[in-house]
Amino acid sequence: MDTGLLVWVAQAPLDPQDPVTSFWRQLAGGEDPGALLRALLLVFIGVPALMAISRWLRQWVGKSYSPQQGMVAGKAILYPGLLLIFISALHQLGFSLAPLLGAAGIVGIAIGFASQTSVSNVISGFFLIAERPFEVEDVIQVGDTTGRVLSIDTLSVKLRTFDNRFVRIPNETIVKSQVTTITRFPIRRLDLNVGVAYGEEVSKVRKVLLEVTRTNPRALMEPEPAVFFDNYGDSALELRLAVWATRENFIQLKNSLLEQIKARFDEEGIEIPFPHRSLYAGSSTDPFPVQIVGDGGPVDATLPEQEDDGRPAEGETHPDEPGGFVPSEGEDSSSGSPGEEEERPH
Amino acid sequence: MTSPSMIPTAPPPWGPRQLSPRRTQALRIGPRDFWLRAQDGEIWVAHSAPPPLDMASVDPSLLGPLEPEPPESVEWARWATPGGETEILMRPAFPERPLVLQPERPFRLLSGAAARVFVRVPLQIRLELPLAKQESTLLLDELPSIAMSDTWWGDVMEGELGWWLPTSARREMRAELHHPHLAVCPLHLQNRSGTDLAVDKLAVRVVHLSLFRHGDELWGDESSVVYQGSAEGSRIEMSGRPPPEADEGRLVAGPRIRSQQGFRARTFHRLMTLSPGGGGL
């Protein structure tokens, strides 16, 4: 700090006509020495009392109605109350409000231009409270962020994500974005995609899936669970189990149902396939030959039995050339397609 | 804490149990097994899991023997008592949610017609600790006698959570259908609307029912359900007295929620708009 300036200020003669001097004198109580004390009392007692009332009202309304309404009620008391205390304190000090309000208007315009984003957030906040797309305690999804709403404030919405991070989203962003309120309705439908092998009987799979949902206490019996046959997939018959749960039980239902379905499919011998890829070499009907090289071990048991005519079978390794390849009849060894891929549904 | 004015007069196996120190007492209420013990100023309780049984098949001979000690897989729950109490009270209570069930066979109630049906309700088992120095009890735990699935009564945007009852409403009641863990609730259904009423599902609001003992049987008070074709639901009134089949029944437990004037609520499935899968892809 520049101590020279302080010394100059302390030594400067006070001019009663100077507006700055007049302002400080007024702030110190002017002609009434008790005014400053009254103003200070108003601030130091009024503000804590107002905050306590606001907090109590927020809790009471929050318990009696909803946390959202509690928050709105608390703020409806707090902000006008603070303004009132500020004006009253100035009035105690002898300030005239009319020029102050005029100056506030001019200052307000200047600040408004300088802080358009903030003003936009404030106005967006009013819309959020009036439109109520979500409330405090709701779980919402904004972009990639999902979390529980902690508060809807003047400038931003505060969320707590499920991995316990604190996220602040400006109100303007919320108003401009697509917001999904996950907890708006009391029940939710869980859609589970279930793929079964092409060899399975769809009616049996459907019956088993519905039985599984019936034994899960978290699955709602009404609305009734349903199984939809969605598609003939690349590797599986694609079915979808639609089952309802209360929003509180949604995650537990998903976990338990997936586990139950796997266990029950294992019991019933229902295959859950994974993508299969068959490799064909030479003839499209013969399997790919496999032989353990080096120890003269037997040819892989998956090879088809063939009559021993002294020459290697089609696609079989030549005995003199371990690892060598004998092309199929009518197939040029250079144009053969070992390693050619074909995806087949299994 | 409950008042002792609710006299625990339910027939055995309900009622008070004096526990001996360090000795396990086993008992069975319906399909659930309990093991009780008092030890070092604590009450110890272990219980089997609620079986997901169809209530029609609840037959003691199917349940196997009652073991004197709990299996190793069952864990004890322990409560330190305020005055070293060694008594525990097993009290029946109606479930805390409405029950949704189907009639034995769906039927239509013609305009102006009335029908009486009986519903067997699986009771909750309340474990209470009678306090030695006060005439009151402390609730230790409340358990369902059988496992019931959740169900929703209403539409997908508004409604109430209920229990799905794996039994049906019957037009007649026989003595062999009584079990210690089931209370029988008569419902008097009336259709005062100008159209037929298809009765294919019912919601029974058991939180408003009282429980009565008649011999070894447990009964709920008779409730009257009047359908007037209103979208707001049916008018429901509880008599607060034992039904004619148990006219000398004694009160075992009052309703969880008292309703002096009756109330209006959705009772029949007809008002619902749900379809399998929730009506959409």
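Residue numbers (the numbering used here), protein chains in the order written: chain E, 88 to 433; chain W, 5 to 285.
Backbone N, C-alpha and C fix where the C-beta goes; we use that ideal spot for every residue, glycine too.
Please classify residue i: is it buried, with 16 or more other beta-carbons within 10 angstroms of its beta-carbon, or exposed?
{"i": "GLN179 (chain E)", "result": "buried"}
{"i": "ASN280 (chain E)", "result": "exposed"}
{"i": "SER77 (chain W)", "result": "exposed"}
{"i": "ILE150 (chain W)", "result": "buried"}
{"i": "ARG36 (chain W)", "result": "buried"}
{"i": "HIS405 (chain E)", "result": "Low per-residue confidence applies at HIS405 (chain E): pLDDT is 41, beneath 50, and the placement is therefore not dependable, though the value from the model is reported in the following sentence. It counts as exposed."}
{"i": "ARG398 (chain E)", "result": "Low local confidence applies: a pLDDT of 44 at ARG398 (chain E) is under 50, so the model's placement there is unreliable, and no value is given."}
{"i": "GLY34 (chain W)", "result": "buried"}
{"i": "VAL386 (chain E)", "result": "Any reading at VAL386 (chain E) is ruled out, since the residue's pLDDT is 49, under 50, leaving its predicted position unreliable."}
{"i": "ALA176 (chain E)", "result": "buried"}
{"i": "ILE132 (chain E)", "result": "exposed"}
{"i": "GLU259 (chain E)", "result": "buried"}
{"i": "ALA84 (chain W)", "result": "exposed"}
{"i": "GLU176 (chain W)", "result": "exposed"}
{"i": "MET161 (chain W)", "result": "exposed"}
{"i": "THR300 (chain E)", "result": "buried"}
{"i": "SER24 (chain W)", "result": "exposed"}
{"i": "GLY19 (chain W)", "result": "exposed"}
{"i": "ALA221 (chain W)", "result": "Reading the sequence as shown, one finds Glu at residue 221 (chain W) and not Ala. Classification for GLU221 (chain W): buried."}
{"i": "PRO184 (chain W)", "result": "buried"}
{"i": "TRP147 (chain E)", "result": "exposed"}
{"i": "GLN393 (chain E)", "result": "Legend: pLDDT at GLN393 (chain E) = 45, less than 50; position of this residue unreliable, value from coordinates given subsequently. So GLN393 (chain E) ends up on the exposed side."}
{"i": "ARG95 (chain W)", "result": "buried"}
{"i": "LYS294 (chain E)", "result": "exposed"}
{"i": "ARG364 (chain E)", "result": "exposed"}
Taking the continuous alpha helix (DSSP H) assigned at residue i, which residues delimit it?
{"i": "GLY195 (chain E)", "result": "184-201"}
{"i": "PHE337 (chain E)", "result": "337-355"}
{"i": "LYS263 (chain E)", "result": "258-263"}
{"i": "HIS178 (chain E)", "result": "154-179"}
{"i": "SER141 (chain E)", "result": "121-151"}
Quick one: which chain W residues come within Cβ less than 9 Å of residue i?
{"i": "ALA306 (chain E)", "result": "SER153, ASP154"}
{"i": "PRO273 (chain E)", "result": "TRP156, GLY158, VAL160, MET161, GLU162, GLY163, GLU164, LEU165"}
Assuming the contact rule is C-beta atoms closer than 8 Å, residue i and residue j should be a hit. Round their C-beta distance to whole Å, please.
{"i": "ILE274 (chain E)", "j": "THR333 (chain E)", "result": "6 Å"}
{"i": "ILE174 (chain E)", "j": "LEU184 (chain E)", "result": "6 Å"}
{"i": "PRO134 (chain W)", "j": "LEU93 (chain W)", "result": "6 Å"}
{"i": "PHE337 (chain E)", "j": "LEU326 (chain E)", "result": "PHE337 (chain E) to LEU326 (chain E), Cβ: 20 Å. No contact."}
{"i": "ARG82 (chain W)", "j": "PHE122 (chain W)", "result": "With a Cβ gap of about 40 Å, ARG82 (chain W) and PHE122 (chain W) do not count as contacting."}
{"i": "PRO304 (chain E)", "j": "ASP145 (chain W)", "result": "Rounded, the Cβ-Cβ distance is 18 Å, inconsistent with contact."}
Counting along the chain, where does the beta strand (DSSP E) carrying residue i start and finish?
{"i": "VAL447 (chain E)", "result": "Residue 447 (chain E) lies beyond the stretch modelled for chain E, which goes from 88 to 433, so this question has no answer here."}
{"i": "ALA42 (chain W)", "result": "36-43"}
{"i": "LYS245 (chain E)", "result": "243-248"}
{"i": "GLY163 (chain W)", "result": "163-173"}
{"i": "SER228 (chain W)", "result": "227-231"}
{"i": "THR141 (chain W)", "result": "141-148"}
{"i": "GLU221 (chain W)", "result": "221-224"}
{"i": "ILE47 (chain W)", "result": "46-51"}
{"i": "VAL266 (chain E)", "result": "266-268"}
{"i": "ILE129 (chain W)", "result": "128-134"}
{"i": "GLU325 (chain E)", "result": "324-333"}
{"i": "ALA202 (chain W)", "result": "201-203"}
{"i": "PHE315 (chain E)", "result": "313-319"}
{"i": "GLY436 (chain E)", "result": "No information on residue 436 (chain E) is available, as it lies outside the stretch 88 to 433 that chain E covers here."}
{"i": "MET242 (chain W)", "result": "238-242"}
{"i": "ILE33 (chain W)", "result": "29-33"}
{"i": "HIS218 (chain W)", "result": "215-218"}
{"i": "MET94 (chain W)", "result": "91-97"}
{"i": "PRO20 (chain W)", "result": "19-22"}
{"i": "PRO190 (chain W)", "result": "186-195"}
{"i": "LEU105 (chain W)", "result": "103-107"}
{"i": "PHE361 (chain E)", "result": "PHE361 (chain E) -> no beta strand (DSSP E), and no H or E assigned at all."}
At 8 Å on the CB atoms, spell out the chain E contacts of residue i, in chain order.
{"i": "VAL1 (chain W)", "result": "In this structure chain W extends from 5 to 285, so residue 1 (chain W) is not present and cannot be described."}
Residues of chain W with CB under 7 Å from residue i, in chain order?
{"i": "GLU436 (chain E)", "result": "No answer is possible for residue 436 (chain E): it lies beyond the span of chain E, which begins at 88 and ends at 433."}
Along chain E, which residues have their Cβ under 7 Å away from the Cβ of residue i?
{"i": "VAL104 (chain W)", "result": "GLU309"}
{"i": "TRP2 (chain W)", "result": "Only positions 5 to 285 of chain W appear in the structure, and residue 2 (chain W) is not among them; the question remains open."}
Hey, is the region 269-288 of chain E in contact with the region 114-122 of chain W, meaning 3+ C-beta pairs nearer than 8 Å?
no
Would you be able to state if there are at least three C-beta pairs under 8 Å between the region 210-220 of chain E and the region 244-264 of chain E?
yes
Meets three-Cβ-pair contact criterion under 8 Å: the region 90-107 of chain W and the region 163-180 of chain W
yes
Between the region 120-138 of chain W and the region 238-250 of chain E, can you find at least three pairs of beta-carbon atoms closer than 8 Å?
no
Between the region 149-156 of chain E and the region 124-135 of chain E, do at least 3 Cβ pairs fall closer than 8 Å?
no
So, do the region 213-232 of chain E and the region 186-205 of chain E have three or more beta carbon pairs nearer to each other than 8 Å?
no
Should the region 251-261 of chain W be called in touch with the region 215-230 of chain W, which here means at least 3 C-beta pairs below 8 Å?
yes
Take every Cβ of the region 283-296 of chain E, pair it with every Cβ of the region 237-244 of chain E, and state whether three or more of those distances are shorter than 8 Å.
no
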